[in-house]
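Mind the numbering: the sequence shown is residues 1 to 491 in UniProt numbering, read in order.
Cβ coordinates follow ideal geometry from the N, Cα and C atoms, glycine included.
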Amino acid sequence: MLYQEQQLKMYNSLSGEKEVFKPIHEGKVGMYVCGPTVYSYVHLGNCRTFISFDLVYRYLKHLGYAVRYVRNITDVGHMVDDVDEGEDKIAKRARIEQIEPMEIVQKYTLNFHNILKQFNNLPPSIEPTATGHIIEQIEIIQSIIANGYAYEVNGSVYFDVEKYNKDHRYGILSGRKIEDMISNTRELDGQSDKRSPLDFALWKNAEPQHIMRWPSPWGDGFPGWHLECTAMSTKYLGKHFDIHGGGMDLKFPHHECEIAQNEASTGNSPVNYWMHANMLTLNGKKMAKSTGNNILPDELFSGENTILSKGFAPTVARFFILQAHYRSILDFSDDAILASERGYMRLMETIKSLKELKTSSNSSVDVAKWKQSCYDAMNDDFNSPILIANLFEAVKFINLIKDNKETITAADLENLTTSLNAFVFDVLGLEDSDGVSANNEKLEGVVNMLIGMRNEARANKDFAMSDHIRDELAKIGIQLKDGKEGTSFTL
Ligand SMILES: [Zn+2]
1 MLYQEQQLKM YNSLSGEKEV FKPIHEGKVG MYVCGPTVYS YVHLGNCRTF ISFDLVYRYL
61 KHLGYAVRYV RNITDVGHMV DDVDEGEDKI AKRARIEQIE PMEIVQKYTL NFHNILKQFN
121 NLPPSIEPTA TGHIIEQIEI IQSIIANGYA YEVNGSVYFD VEKYNKDHRY GILSGRKIED
181 MISNTRELDG QSDKRSPLDF ALWKNAEPQH IMRWPSPWGD GFPGWHLECT AMSTKYLGKH
241 FDIHGGGMDL KFPHHECEIA QNEASTGNSP VNYWMHANML TLNGKKMAKS TGNNILPDEL
301 FSGENTILSK GFAPTVARFF ILQAHYRSIL DFSDDAILAS ERGYMRLMET IKSLKELKTS
361 SNSSVDVAKW KQSCYDAMND DFNSPILIAN LFEAVKFINL IKDNKETITA ADLENLTTSL
421 NAFVFDVLGL EDSDGVSANN EKLEGVVNML IGMRNEARAN KDFAMSDHIR DELAKIGIQL
481 KDGKEGTSFT L
């Protein structure tokens with residue numbers, strides 16, 4: 001297996017160092033990544049996080065690991081402003097749009113899947129939802145209470161941070177000290193049931209008007225946001241697993257709370273390697289819907305946003321994102337993605353031209369060394385920008401071979417072609433956008449053929465057949481529309 005030949009190192013947020021990756025079970029990797037709270041359209045910054053972990057997933061698979069990749073959907077418990085009081089993000093959206101909370105969840109989950117598919121992200125092995133794991137969450141709360149690290153007040157259950165900190169260390173991941181946290185938090189306002197402002201909710205009592213509610217030993221309520229990830233990661237990956245990832249903004253308090261919940265319920269530190277992806281800024285500023293300094297993936301693809309000169313293929317956007325290391329802040333601008341698009345085109349043209357390359361009896365280029373330098377880049381904490389720089393080294397020497405200034409043997413050319421394809425399409429997950437449109441042309445041809453057959457069936461009064469064709473196409477999302485000009489369709 002490749003993983004026996006390549007030594008992968010990854011930056012562990014827990015130690016603050018790059019560490020050699022050693023999975024708990026030989027040849028297998030368990031990876032959990034915090035998924036989206038599905039209460040609005042996924043924004044580009046979130047997409048960057050999920051593309052970063054898609055790169056990690058793809059590279060681990062490329063190395064030959066059997067990876068179980070779990071990424072959750074948060075469909076309850078995430079409160080507005082990430083606090084314990086107030087309104088649930090999904091319930092609030094449901095109130096504004098005047099639909100059921102689960103319609104909100106469905107709408108934005110579909111949007112999330114659709115966008116990530118366009119970015120060519122591989123789906124996770126398991127995608128559990130918080131509402132589907134209420135029983136598991138209640139069980140964890142019970143074990144935390146039994147171990148003395150949580151208390152119940154008025155139907156809500158809170159995690160006792162100070163008590164936990166006496167036996168463990170709260171702040172181990174974020175490097176925060178509990179004394180500083182205490183002096184930096186506001187005093188409780190008397191309305192709160194919490195013993196300390198540092199405590200966080202494991203279970204919240206539901207007010208009568210609260211729609212999303214479940215029965216529990218403490219009365220009707222709903223789980224706290226941090227708890228779901230502990231419940232779902234433990235269920236599908238065990239009490240102790242290899243990698244936990246998420247956006248940098250989740251490190252504290254979300255991931256800190258996850259560690260505390262796991263330790264308090266099982267006595268184990270759950271994760272060996274914590275990974276955090278950095279954020280995406282827009283024209284040098286943090287993206288925020290409120291200031292208008294924001295861009296949605298669909299706007300990026302269509303070009304319908306004032307900051308864009310045109311639309312960009314999703315794969316070009318992916319290439320742009322991977323040109324920065326996942327731990328660096330990446331700034332998005334029209335100029336920057338235009339430059340990426342030029343680079344992407346050059347890379348794709350070069351790959352296509354490999355077929356025409358003339359071979360010689362000896363190589364003046366060192367393909368094996370080049371290939372290892374690509375692995376070295378990825379082995380160094382998934383350094384995609386260095387990998388891409390190496391890919392452009394290959395572009396350079398391929399062009400020199402074309403100009404008869406360098407030579408390559410047939411065996412080396414085969415090795416080069418296989419490796420380039422592997423790094424560009426399998427590891428980076430790029431797509432040939434020409435290829436995508438060619439596929440659409442083929443699909444259009446097939447649909448037109450079916451429309452012709454349907455017209456024939458109607459002319460023969462075989463309405464069962466004509467309806468069958470229309471209904472089967474509708475099932476796969478292709479709607480036929482009959483008009484004066486004939487039948488049209490949208491893919
Ligand atoms: Zn999470």
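Taking 8 Å as the cut-off, is the CB of G246 close to at least one heavy atom of ligand 1? yes
Sequence-distant residues of the same chain with beta carbon closer than 8 Å to M79, five excluded per side: E85, G86, E87, D88, K89, W225
Where the alpha helix (DSSP H) through F382 begins and ends: From DSSP, F382 is part of no alpha helix (DSSP H); its letter is neither H nor E.
Taking the straight line between their C-alpha atoms, what separation do you get for A389 and I126? 34 Å
Length of the line joining the Cα atoms of L400 and Q6: 30 Å
Does the contact criterion of 3 or more C-beta pairs under 8 Å hold for the stretch 249-257 versus the stretch 212-229? yes
Which residues have their C-beta within less than 5 Å of a heavy atom of ligand 1, listed in chain order? C34, C229
Selection from L308, R318, S353, A324 that minimises the alpha carbon distance to D334: L308
Would you decide whether S488 is buried or exposed? Buried here means 16 or more other CB atoms lie within 10 Å of its CB. exposed
Is the stretch 67-81 touching the stretch 30-43, taking contact as three or more C-beta pairs under 8 Å? yes
Just verifying my parser: in three-state terms, what is the DSSP assignment at V56? helix
Are residue 500 and T315 close, meaning C-beta to C-beta below 9 Å? This structure leaves residue 500 out entirely; the chain is present only between 1 and 491.
Residues near M248 by beta carbon distance below 8 Å, same chain, minus five either side: H276, A277, N278, M279
Less than 8 Å between the CB of A410 and some heavy atom of ligand 3, yes or no? Annotation note on ligand 3: not contained in the displayed structure, which lists ligand 1 as its ligands.
Under 9 Å, do L44 and A317 count as touching if we go by C-beta distance? yes
Specify the secondary structure class of H240 as computed by DSSP and reduced to three states. coil
Measure from the alpha carbon of N383 to the alpha carbon of each residue in Y65, A459, A324, N305, then state which is nearest. A324
Tell me the start and end of each unbroken beta strand (DSSP E) in the stretch 17-58 that is at least 3 residues and wholly inside, in chain order. 17-20, 28-33
From E456, E485, I451, residue whose alpha carbon lies closest to that of E472: I451
Spatially closest choice to N448 from Y11, G303, I478, by CA coordinates: I478
So, is Q118 buried or exposed, given that buried needs 16 or more other C-beta atoms within 10 angstroms? buried
Need the endpoints of the beta strand (DSSP E) that N272 sits in, please. 271-277
Can you grab the Cα-Cα spacing for the pair V436 / N120, in whole Å? Low per-residue confidence applies at V436: pLDDT is 47, beneath 50, and the placement is therefore not dependable enough to give any value.
Could you spell out where the beta strand (DSSP E) holding K166 opens and where it closes? No beta strand (DSSP E) contains K166, which is instead part of the alpha helix (DSSP H) from 161-167.
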